[in-house]
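K.L.:
For reference, the structure I am asking about is given below.
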Amino acid sequence: MAAKRMVAGGARAGEVVIVRLAYGELLLESIQEICRQRRIRDGVILTGFGSLTDIAVSGAVGASFPPRKFYQRTRPRGVEILAMAGVIANYHVHCHLVLSDRNRAFGGHLEKGCRILSLAEIALMRVSGIKLARLVDSTTGQKLLQSVRAYPRIDASTEEGSLHVVASRIGKTR
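Using my numbering, the first residue of the sequence shown is number 47, and each one after it goes up by one.
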């Protein structure tokens with residue numbers, strides 16, 4: 047059985063923060079830090095582009111539901127960030143990237159350890175009027191986006207992406 051759809055209205059667009067990250071900075075870790083500094087508890091990553099020297103992305107493999115196999119790509123090499131988008135829920139950044147090298151395009155879920163090559167330019171937008179959190183769904187085992195009345199306590203597991211929880215529980219990666 048699939049998780050239920052979540053639609054939450056009433057969110058209002060807030061401040062837009064434009065960021066330029068520099069050579070050597072870590073992409074996900076820097077976005078997390080900026081969200082905390084600028085108090086972007088709930089928001090969206092509107093767009094982003096740039097280049098990376100170290101990449102770390104992951105995603106589901108196959109068509110089974112819930113997903114049982116995952117890929118992880120981690121390697122030092124220059125790639126371009128063609129697109130990035132995501133949701134920030136209770137300071138948890140869930141972001142996906144489309145990357146390209148000279149031969150192909152690929153992408154996935156942004157993981158820790160992606161290091162900026164020349165730059166990364168990102169637009170973040172705070173949203174208000176809604177409280178968002180990622181809570182473990184009993185059907186899928188994933189941390190799924192939820193509209194909540196009160197924020198749950200933030201702990202170390204809040205930093206995990208939605209696929210991490212499933213991969214660690216099932217223990218299968220490819």
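Backbone N, C-alpha and C define an ideal beta-carbon position, used for all residues, glycine too.
1. So, helix, strand or coil for residue 78, using DSSP?
2. From this set, 149, 143, 148, 164, which residue's C-alpha is nearest residue 156's C-alpha?
3. So, is residue 147 buried or exposed, given that buried needs 16 or more other C-beta atoms within 10 angstroms?
4. Buried or exposed: where does residue 53 fall if 16 or more other Cβ atoms within 10 Å of its Cβ makes it buried?
5. Tell me, please, which residues DSSP counts as bridged to residue 171.
6. Distance, Cα to Cα, residue 102 vs residue 159?
7. Under the three-state reduction of DSSP, which class applies to residue 188: helix, strand or coil?
8. Could you check which residue in 137, 57, 56, 124 has the C-alpha nearest to that of residue 85?
9. Measure from the alpha carbon of residue 127 to the alpha carbon of each residue in 61, 193, 56, 67, then state which is nearest.
10. Cβ of residue 96 within 8 angstroms of Cβ of residue 167?
11. What residues are listed by DSSP as bridge partners for residue 127?
P.N.:
Put simply:
1. Walking along the sequence shown from the start, residue 78 turns up at place 32. Three-state DSSP puts residue 78 in a helix.
2. Counted from its first residue, the sequence shown places residue 156 at position 110. Minimum Cα distance to residue 156 is reached at 143.
3. By one-based count along the sequence shown, residue 147 stands at place 101. Exposed: under 16 other Cβ atoms inside 10 Å.
4. For this step, residue 53 is matched to residue 7 along the sequence shown. So residue 53 ends up on the exposed side.
5. Within the sequence shown, residue 171 is the residue found at index 125, counting from 1. Note: residue 171 sits in a beta bridge opposite 62, 90.
6. The residue you call residue 102 lines up with position 56 of the sequence shown. The residue you call residue 159 lines up with position 113 of the sequence shown. Between residue 102 and residue 159, the alpha-carbon positions lie close to 6 angstroms from each other.
7. Working through the sequence shown from its first residue, we reach residue 188 at position 142. Here residue 188 sits in coil by DSSP.
8. By 1-based counting over the sequence shown, the position of residue 85 is 39. It is 137 whose Cα lies nearest to the Cα of residue 85.
9. One-based indexing of the sequence shown puts residue 127 at position 81. Checked all of 61, 193, 56, 67; the closest Cα to residue 127 is 67.
10. As a working mapping, residue 96 is identified with position 50 in the sequence shown. As a working mapping, residue 167 is identified with position 121 in the sequence shown. Contact flag set, yes.
11. The residue given as residue 127 occupies position 81 in the sequence shown. Among the bridge pairs identified by DSSP, residue 127 is matched with 96, 145.
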